[in-house]
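J.: First, the structure itself, so that you have it in front of you.
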Amino acid sequence: MNSSQFNALIHAPNRLQICALLTSASSMEFVVLKEQLDVSDSVLSKHIKSLEDAGYVLLNKKALNGRQRTWLSLTSSGHQAFSGHVKALKKIVG
Amino acid sequence: MTNSNNQISTEEALAALETLDSAKTKSNKSFRPALWLNFIISLFTGIVCFAAPFSSGNSLWTFIMLVSAAGLLISMATWYILLRVRGVKQNIIPYGLKNKFFNLALGILVALVILGSIELYKAGFLWIPYVAGPLNAIFISYMLYSFPTGEWK
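Heads up: the protein sequence lines correspond to chains A and B, in order.
Under our numbering, the first sequence has 43 at position 43, and the numbering climbs by one with no breaks.
One gets our numbering by counting positions in the second sequence from 1 and adding 94 to each.
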């Protein structure tokens with residue numbers, strides 16, 4: 001399952017970084033990802049939506065002190081797709 | 095979506111891997127415990143390792159070791175909570191077999207130093223705790239700084 005496979009969806013720089021950051025954590029807040037990537041809310045939302053539609057990212061919205069917090073985590077297929085993509089990139093580089 | 099044919103050039107793949115490296119560096123920086131917390135965690139680890147050989151048949155050293163072990167757990171929990179407040183939930187067990195083995199190896203190494211220091215102390219090497227304690231403390235401090243996510247690079 002973890003074999004090297006190039007993934008065009010993950011390959012986009014921002015999505016690649018999102019996956020890389022999410023592999024390091026169990027889950028991460030939307031705001032933290034936004035700060036790390038230095039992108040706007042709308043740009044990040046667009047990338048997250050693509051990853052969510054592909055089943056790679058899971059969104060969990062929680063309200064705390066009246067403020068909505070969105071936690072993001074990589075699904076099992078997201079982990080597999082990402083590690084397969086990284087292996088494919090390393091294979092290309094040689 | 096998934097493309098099994100390599101449709102990108104070596105340069106593009108290299109650029110993507112550099113992007114990944116930079117993302118990993120960013121995540122390492124944001125996961126890293128503050129220096130004061132790194133110092134406290136390392137100090138407690140060092141004290142546990144230092145006190146372990148003396149604790150056999152000595153209730154004071156046993157008490158010091160247990161208090162330090164509790165302090166170690168509390169400081170690790172503090173790190174977890176501080177990160178969570180900042181919007182990051184740590185992986186208790188990192189994803190991937192390679193990373194799991196890496197963390198297991200680290201745990202075994204620290205445990206071996208502690209057990210080794212106990213046995214060598216019993217065998218008459220009285221200086222061992224003075225080396226093993228700081229050794230484990232420095233090692234833990236380095237690992238917390240360089241591998242805070244628990245992932246092998």
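No residue lacks a Cβ here, since even glycine has one placed at the ideal position from N, Cα and C.
It should be emphasised that the depicted structure is a prediction, and the values quoted were computed from it without experimental measurement.
For A:V86, count neighbouring C-beta atoms within 10 Å of its own C-beta (all shown protein chains included) and say buried if the count is 16 or more, exposed if not.
T.: It counts as buried.
J.: Measure the Cβ-Cβ separation of A:A81 and A:Y56 and say whether it is below 7 Å.
T.: In contact: A:A81 and A:Y56 (Cβ atoms closer than 7 Å).
J.: Taking the continuous alpha helix (DSSP H) assigned at A:S42, which residues delimit it?
T.: Residues 41 to 53.
J.: Per DSSP, what kind of secondary structure is A:A25 in: helix, strand or coil?
T.: Note: A:A25 maps to strand in three-state DSSP.
J.: What residues are listed by DSSP as bridge partners for A:T70?
T.: According to DSSP, A:T70 bridges with A:K61.
J.: Compare the Cα-Cα distances from B:G165 to each of B:Q184, B:N185, B:G140 and report the closest residue.
T.: Comparing Cα-Cα distances from B:G165 to each of B:Q184, B:N185, B:G140, the minimum goes to B:G140.
J.: Excluding sequence positions up to five away, which residues of its chain have a Cβ less than 7 Å from the Cβ of B:A231?
T.: Hits under 7 Å: S136, L137, T139, G140.
J.: Would you kindly work out how many angstroms separate the C-alpha atoms of A:F6 and B:V179, rounded to a whole number?
T.: The alpha-carbon atoms of A:F6 and B:V179 are separated by roughly 35 Å.
J.: B:E245 touches chain A at which residues, Cβ-Cβ below 8 Å?
T.: Within 8 Å Cβ-Cβ: T23, S24.
J.: Check the DSSP bridge columns for B:K183 and list the partner residues they point to.
T.: Answer is A:S27.
J.: Taking any Cβ of chain A, which residues in the segment 161 to 181 of chain B have a Cβ under 8 Å from it, in chain order?
T.: Answer in chain order: R180, G181.
J.: Excluding the five sequence neighbours on either side, which residues of its own chain have a C-beta within less than 8 Å of the C-beta of B:P188, listed in chain order?
T.: Within the same chain, B:P188 has close Cβ partners K194, F196, N197, T243, G244, E245.
J.: Could you check whether the Cβ of B:T172 sits closer than 6 Å to any heavy atom belonging to the ligand FAD?
T.: The model depicted lacks the ligand FAD and carries no ligand whatsoever.
J.: So, is the C-beta of A:Q17 closer than 7 Å to a C-beta in chain B?
T.: Answer yes: the Cβ-Cβ gap between A:Q17 and chain B drops below 7 Å somewhere.
J.: Which stretch, first to last residue, makes up the alpha helix (DSSP H) that contains B:D115?
T.: B:D115 -> alpha helix (DSSP H) spans 104 to 125.
J.: If you measure beta-carbon to beta-carbon, which residues of the segment 198 to 222 of chain B are closer than 8 Å to chain A?
T.: For the segment 198 to 222 of chain B, which is checked against every Cβ of chain A, not one residue is closer than 8 Å.
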